[in-house]
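Enquirer:
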Amino acid sequence: MKIMIRGNESIAYAFKLARVKVVPAYPITPSTLVPEKISEFIANGEMDAEFVPVESEHSAISAAIGASAHGVRVGTATASQGLALMHEVLFIASGMRLPIVMGIGNRALSAPINIWCDHQDMMSQRDTGWMQFYAESNQEGLDLGIMAFKIAEDERILLPAMVGIDAFVLTHTVEPVELPEQKDVDDFVGEFVPHYVTLDPAKPATLGSFGFPEHYMEFKFGQWIAMERAKKVIDEVFAEFEQKFGRKYSKVSAEFVEDADIILVTMGSMTSTTREFVRKLREQGKKVGLVKITVFRPFPKEELVNVLRNAKVVAVMERNISFGFGGAVYGELAASFAKEVKKPKILDFIVGLGGRDVTFNTLQEVVALAEKAANGKKVEEVNWIDVNKEGVLKAEGLQ
Amino acid sequence: MNYEKEEFFAPGHGMCAGCAAPIIVRWVLKLAGPNTIVTNATGCLEVATTAYPRTSWRVPWLHVAFENAAAAAAGVEAAAKAKGEKLNIIAFGGDGGTVDIGLQALSGMVERGHNVLYVLYDNEAYMNTGIQRSGATPWGAWTTTSKVGSANPIGKLRPKKPIGRIIAAHGASYVATANPAFFQDFKKKVQKALSSEGAKFLHVLSSCTTGWRHDPSKTIEVLRLATDTGLFPLWEVVDGDLENMRITYKPKKFKPVEEYLKMQGRFRHLLKNPEYVKKLQDDVNAWWEKYGHHYP
Chain V
154 MKIMIRGNES IAYAFKLARV KVVPAYPITP STLVPEKISE FIANGEMDAE FVPVESEHSA
214 ISAAIGASAH GVRVGTATAS QGLALMHEVL FIASGMRLPI VMGIGNRALS APINIWCDHQ
274 DMMSQRDTGW MQFYAESNQE GLDLGIMAFK IAEDERILLP AMVGIDAFVL THTVEPVELP
334 EQKDVDDFVG EFVPHYVTLD PAKPATLGSF GFPEHYMEFK FGQWIAMERA KKVIDEVFAE
394 FEQKFGRKYS KVSAEFVEDA DIILVTMGSM TSTTREFVRK LREQGKKVGL VKITVFRPFP
454 KEELVNVLRN AKVVAVMERN ISFGFGGAVY GELAASFAKE VKKPKILDFI VGLGGRDVTF
514 NTLQEVVALA EKAANGKKVE EVNWIDVNKE GVLKAEGLQ
Chain Y
2 MNYEKEEFFA PGHGMCAGCA APIIVRWVLK LAGPNTIVTN ATGCLEVATT AYPRTSWRVP
62 WLHVAFENAA AAAAGVEAAA KAKGEKLNII AFGGDGGTVD IGLQALSGMV ERGHNVLYVL
122 YDNEAYMNTG IQRSGATPWG AWTTTSKVGS ANPIGKLRPK KPIGRIIAAH GASYVATANP
182 AFFQDFKKKV QKALSSEGAK FLHVLSSCTT GWRHDPSKTI EVLRLATDTG LFPLWEVVDG
242 DLENMRITYK PKKFKPVEEY LKMQGRFRHL LKNPEYVKKL QDDVNAWWEK YGHHYP
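So the sequence lines, in the order shown, correspond to chains V and Y.
Counting the first sequence from 1 gives a position; our numbering is that position plus 153.
Counting the second sequence from 1 gives a position; our numbering is that position plus 1.
1. At a CB-CB cut-off below 9 Å, which residues of chain V make contact with Y:Ser108?
2. Checking the sheet assignment: what are the DSSP bridge partners for V:Arg382?
3. What are the residues that DSSP puts in a beta bridge with Y:Asp123?
4. Which two residues bound the contiguous alpha helix (DSSP H) that contains V:Asn291?
5. Go through its chain and collect everything with a Cβ distance to Y:Thr37's Cβ below 8 Å, but skip five positions before and after it.
6. Comparing C-alpha positions only, which one of V:Trp283, V:Met200, V:Ala548, V:Ile191 sits nearest to V:Gln335?
7. Does the beta carbon of Y:Glu7 sit closer than 9 Å to a beta carbon anywhere in chain C?
8. For V:Arg428, which residues of its own chain have a beta-carbon under 7 Å away from its beta-carbon, when the five flanking residues on both sides are left out?
9. Report all residues from its chain with a CB closer than 6 Å to the CB of Y:Gly231; omit the five preceding and five following residues, and keep chain order.
10. CA-CA distance, V:Ser221 and V:Pro357?
11. Which residues share a DSSP beta bridge with Y:His64?
12. State the Cα-Cα distance for the pair Y:Gly13 and V:Glu493, rounded to the nearest angstrom.
13. Please check the pair V:Val207 and Y:Gly109, which I expect to be a contact at CB under 8 Å, by giving their CB distance rounded to whole angstroms.
14. Tell me, please, whether the segment 483–493 of chain V touches the segment 243–252 of chain V by the rule of three or more beta-carbon pairs shorter than 8 Å.
15. Determine contact between the segment 36–52 of chain Y and the segment 66–79 of chain Y, defined as no fewer than three beta-carbon pairs at a distance below 8 Å.
16. Nearest-angstrom Cα distance between Y:Asn129 and V:His240?
17. Rounding to the nearest angstrom, what Cα-Cα distance links V:Phe365 and V:Ile378 in this structure?
18. Can you tell me which of V:Gly224, V:Ile191, V:Phe194, V:Ile181 puts its alpha carbon nearest to the alpha carbon of V:His211?
19. For chain V, check one thing: does any of its Cβ atoms lie closer than 9 Å to the Cβ of Y:Asn69?
20. What does V:Ala217 touch in chain Y if you count any residue whose Cβ is under 8 Å from its own?
21. Given this structure, state the Cα-to-Cα distance separating V:Ser422 from V:Lys373, to the nearest angstrom.
22. In the DSSP assignment, what are the bridge partners of V:Thr229?
23. In chain order, what residues of the same chain have a beta carbon less than 6 Å from the beta carbon of Y:Asp229, not counting five sequence neighbours either side?
24. Give the list of continuous alpha helix (DSSP H) stretches no shorter than 4 residues that lie fully inside the segment 116–169 of chain Y.
25. Can you tell me which of the three DSSP states V:Pro357 falls into?
26. Quick one: measure Cβ to Cβ for V:Val225 and V:Lys190, integer angstroms, because I've assumed they're closer than 8 Å.
27. When DSSP builds the beta bridges, which residues end up paired with V:Thr419?
28. Short check: CB of Y:Glu112 to CB of Y:Gly172, under 9 Å?
29. Does the beta carbon of Y:Pro12 sit closer than 9 Å to a beta carbon anywhere in chain V?
30. Along the chain, where does the beta strand (DSSP E) containing V:Arg250 start, and where does it finish?
31. Would you give the residue range spanned by the beta strand (DSSP E) that V:Glu408 belongs to?
32. May I ask you to report which of helix, strand or coil DSSP gives Y:Lys201?
33. Just verifying my parser: in three-state terms, what is the DSSP assignment at V:Asp501?
34. Reducing DSSP to helix, strand and coil, say where V:Met276 ends up.
35. Would you grab the beta carbon distance between V:Leu500 and V:Val520 for me? Rounded to a whole angstrom, and I think it's under 8 Å.
36. Just the C-alpha distance for V:Arg435 and V:Val441, rounded to the nearest angstrom, thanks.
See the structure below:
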């Protein structure tokens, strides 16, 4: 059935279809509609779950851990400052190997306070041990939301997962979405079976105990192994999903890359704009391709190297910045090529922070710089696009 | 069911000799029985009882972090509700994890009315990190962050946060102060809390031999004096009705606060100045003047 829904609703529908039993959540722009919709589903008797209207995001993720440890399927949602407030507890959810799924309305971080789209919130949680998926559309938000449960709960994995949908561009934008049948999702995700030790009075166990130096590293190595194994399990689940629902997903998807000299790398909703732009360039006979990263953790190193190695220039466009280095995706992509002999020139483009639109003009500028590099001319490693550089340099006393 | 003969808190843990917290936990669990899930804030109790791969807990136990034992308990309770289970969910936290860093999560849990018993074992400072002052440290106590010296001969300059009254004001279904030295009163309150629906809070005084600097063999004696001097009154409040707070024990004859202070190194400096002792005595007298009529 096709329905018209906003991105936040696709997360809420994913929770409903996966028959999530506990949703602890706290309102935050732009994710607020997720708990609102869950509350509505429950009030209408469409969803049999406990909604816990907690007093903070810190408590939302803490309650999610409590509920997951007690052996039920748990989902929550947040964004930006809320995700940052959860930070310390995110490590605990993954360290305890609890398959919680969280929808993120990808939003900028203060200061200055800003409610619009970028990926800084999720990127800043890169090392918390959560799997990370980024959606291009509301359909992807729903599908990835459903698949996230199956991947997270797989007994080979047992790691929590975040599904990012871009603030406003997706969270608040109505799009047609194919809503799967409940029975098909039941079939696909399956009834919740905790493949981990739970809080069961009949079999008392101690969860979250004190790990001394002689044990700590083994716990962490286990998480490393699980994340490595997730690479394969994600492929399996994506394939099974395609077979059942007919929609194809991959950690990295490539278009127009076969003969491409320049490949643009994107994540999230800016992919759609970029695709249109690349089509136009192709019509003009320009050899430009597009690679979209859907899974950022685990990082799809091998897939990216394979698909990008023959290009002259790879232009990474990203809505995040690690001050003192560059964008996070650029850093990881460049590192993925470290031991390759044949490698493209890799350039970083910081775009669309705090909701600045990524438009054809943005892309024009990116491609112009990439072409310059392809022609052997010098281009900065990290390039800020659509920024009033003069104004800032003046304010910083440099002009 | 009466589980008083069974042990759900195993010996062999690393809590200090003379620490009152294991006494409190052991008896709360005996009174609750095996159909119980515990959440625990970071602190001495958590650290000293769960050194992987060993544990002292014979009931399911969950530790998440320092400030969120109440939120974790709320999550466990929501899951239990979703499964249609009926069990005791008990959160244990020290004073730092309860009255300071964990206050927000506790406030939220109580306001939402989760069916959880929160037990604060209050040893009046951050003992796990080495005796730093907390919001529950009393006026005049020496700690490593309320040091006593020529410019500050008093130690902590602010009074203790009235956490029991704060939680009762939320409308918690049952709030009481308790003291393991007054065992029958303590026991009755644990049972009452466990049998009432909704969010319950027990503020239990728990002496710390290293932080309070008292002889480890005198734990119960020190604790008894805290109440017999009137410094730590025992009371209960049902459904947030603070007007009808009920004092559950009143000493026949109040002991002078000096007797309590004398037993503990953390107050030694106060004894050098009768003014300080008098201030504390006046505070106690004022409390009983104000609330004494709540003794039935």
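The beta carbon of each residue, even a glycine, is placed where N, CA and C say it ideally should be.
Predicted, not measured: the structure shown is a model, and the values here were computed from it.
Expert: Once the coordinates are examined:
1. Glu208
2. Paired residues: none, contrary to the question.
3. Y:Leu206
4. Annotation: the continuous alpha helix (DSSP H) that includes V:Asn291 extends over 291–306.
5. Phe9, Leu30, Val60, Pro61, Leu88, Asn89, Ile90, Ile91
6. Answer by Cα proximity: V:Met200.
7. The question asks about chain C, but that chain is absent: this structure's protein chains are V and Y.
8. Glu408, Leu443
9. Phe255, Val285, Trp289
10. 16 Å
11. Y:Asn41
12. 56 Å
13. 6 Å
14. no
15. yes
16. 23 Å
17. 20 Å
18. V:Ile181
19. Output row for Y:Asn69: interface = yes.
20. Gly76
21. 33 Å
22. V:Met255
23. Pro252, Lys256
24. 164–169
25. coil
26. The Cβ separation is near 20 Å, so there is no contact.
27. V:Lys445
28. With contacts defined by Cβ atoms closer than 9 Å, Y:Glu112 and Y:Gly172 form a contacting pair.
29. Y:Pro12 does not count as touching chain V.
30. V:Arg250 -> no beta strand (DSSP E), and no H or E assigned at all.
31. 405–408
32. The answer is strand: DSSP assigns Y:Lys201 an E or B state.
33. Here DSSP, grouped into helix, strand and coil, assigns V:Asp501 to strand.
34. Under the three-state reduction of DSSP, V:Met276 is assigned to helix.
35. The Cβ separation is near 11 Å, so there is no contact.
36. 7 Å
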